[in-house]
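Structure record follows, encoded as structure tokens.
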Amino acid sequence: MDSATKPTPTIGQIYPWLNMTFDYTDEIAALIPDELLDWRYEDPSGKWTFSLAEQAMHCADARIMFARQISGNDSEEGYWSPGPGEDGVWPFKEYGSKQAILDSLKASRAELDEVMNRSADDVLAIPDGTRKVYEQVLKQMQEKGMDTSGLETRGPANIIRVLMAASAHEAGHRGSMQTLLRMKGINAGNE
34 MDSATKPTPT IGQIYPWLNM TFDYTDEIAA LIPDELLDWR YEDPSGKWTF SLAEQAMHCA
94 DARIMFARQI SGNDSEEGYW SPGPGEDGVW PFKEYGSKQA ILDSLKASRA ELDEVMNRSA
154 DDVLAIPDGT RKVYEQVLKQ MQEKGMDTSG LETRGPANII RVLMAASAHE AGHRGSMQTL
214 LRMKGINAGN E
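Here is the structure:
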């Protein structure tokens with residue numbers, strides 16, 4: 034196939050580890066036994082921690098947030114939590130069943146896949162959505178009298194910066210899920 038007829042690869046094809054990261058999280062979430070969904074590690078400091086179900090729901094929420102940051106979609110539909118309260122505790126909607134959590138991971142992945150299926154030529158593009166987020170954060174920081182020099186140096190995020198943030202964020206929470214599952218004697222991957 035000559036280069037004139039060769040299709041342009043997608044972001045997901047050029048950066049396959051992004052898909053691997055999200056796939057692996059889905060696999061780990063599927064391993065959570067129903068009886069451990071609400072179990073949460075009790076931090077010796079007394080600090081609140083996510084339950085296993087909440088870890089997975091938070092991953093679904095983050096996928097939505099990152100995808101919508103790129104698309105510029107302001108909808109709050111599909112989120113499990115509005116984020117932490119002033120006390121640091123994240124209130125979550127009732128999940129109903131493990132399948133509901135797995136379905137939300139799948140649905141949020143579909144939103145992220147819209148970005149992953151874009152042409153790889155777009156990875157350095159700065160979408161209107163990230164420009165809007167940048168302006169909002171800059172304004173909030175200025176209103177609080179915070180130093181904005183680092184933010185201004187970075188500027189609005191391009192697509193690959195957002196996807197790298199999504200991947201790093203999700204890998205951290207997936208690692209927490211794996212550790213918590215192993216603490217309960219569950220084979221949680223890489224065995």
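Sequential numbering from 34 applies to the sequence shown in our numbering. For glycine and all other residues, C-beta sits at the position ideal for the given N, C-alpha and C.
Short check: CB of ALA199 to CB of LEU145, under 8 Å?
Yes, the Cβ-Cβ distance between ALA199 and LEU145 is below 8 Å.
Terminal residues of the continuous alpha helix (DSSP H) containing THR58?
That run of the alpha helix (DSSP H) goes 49–64.
Taking one C-beta from the stretch 170–181 and one from the stretch 201–215 each time, how about it: are there three or more such pairs within less than 8 Å?
When C-beta atoms of the stretch 170–181 are compared with those of the stretch 201–215, fewer than three pairs fall below 8 Å, so the two segments do not count as touching.
At the level of alpha carbons, what is the spacing between LYS131 and ASP180?
Going from the Cα of LYS131 to the Cα of ASP180 covers about 43 Å.
Does the stretch 105–115 touch the stretch 187–198, meaning 3 or more C-beta pairs lie closer than 8 Å?
At 8 Å Cβ cutoff, the stretches do not touch.
Just to confirm, is the Cβ distance from THR58 to ALA153 under 8 Å?
No; because the gap between Cβ atoms is not below 8 Å, this pair is not in contact.
DSSP state of ARG142 mapped onto helix, strand, coil
In the three-state reduction of the DSSP assignment, ARG142 falls in the helix class, which pools H, G and I.
Proximity winner among MET210, ILE159 and GLU87, relative to ASP71 (alpha-carbon distances):
The shortest Cα separation from ASP71 among MET210, ILE159 and GLU87 belongs to GLU87.
Environment of PRO115 [buried if 16+ CB atoms lie within 10 Å]:
With fewer than 16 Cβ atoms within 10 Å of its Cβ, PRO115 is classed as exposed.
Within this structure, are the beta carbons of ARG101 and GLY162 separated by less than 8 Å?
Between ARG101 and GLY162, the C-beta spacing is below 8 Å.
ASN137 and ALA93: beta carbons closer than 8 Å?
Here the sequence assigns Ser to residue 137, which means Asn is not the residue at that position. Contact: yes.
Nearest-angstrom Cβ-Cβ length linking ILE47 and VAL148, presumed shorter than 8 Å
Contact doesn't hold; Cβ gap of about 13 Å is too wide.
Confirm, please, whether the CB-CB distance from LEU69 to LEU234 is below 8 Å.
Missing from the structure shown is residue 234; the chain here goes from 34 to 224 and no further.
When the Cα of PRO83 is compared with those of TYR112, VAL122 and LEU157, which residue comes out closest?
Looking at the sequence itself, residue 83 is Phe, so the reference to Pro does not match. With distances taken between Cα atoms, PHE83 lies closest to VAL122.
Using the Cα positions of GLN211 and ILE65, report the straight-line distance between them to the nearest angstrom.
Between GLN211 and ILE65, the C-alpha separation is close to 9 Å.
In angstroms with no decimal places, state the Cα-to-Cα distance between VAL156 and LYS139.
Roughly 23 Å separates the two Cα atoms.
Hey, quick one: how far does the alpha helix (DSSP H) through ASP180 stretch, first residue to last?
Annotation for ASP180: no alpha helix (DSSP H) segment contains it, and DSSP assigns it neither H nor E.
Excluding the 5 residues preceding and the 5 following TRP113 in the sequence, name in chain order all residues of the same chain whose CB lies nearer than 6 Å to its CB.
Only MET90, ASP94, PHE125 and LYS126 meet the Cβ criterion.
4-residue-minimum alpha helix (DSSP H) runs that sit fully inside the stretch 159–216, ordered along the chain:
Counting only runs of 4 or more residues that sit fully inside the stretch 159–216, the alpha helix (DSSP H) segments are 161–176, 182–187 and 192–216, in chain order.
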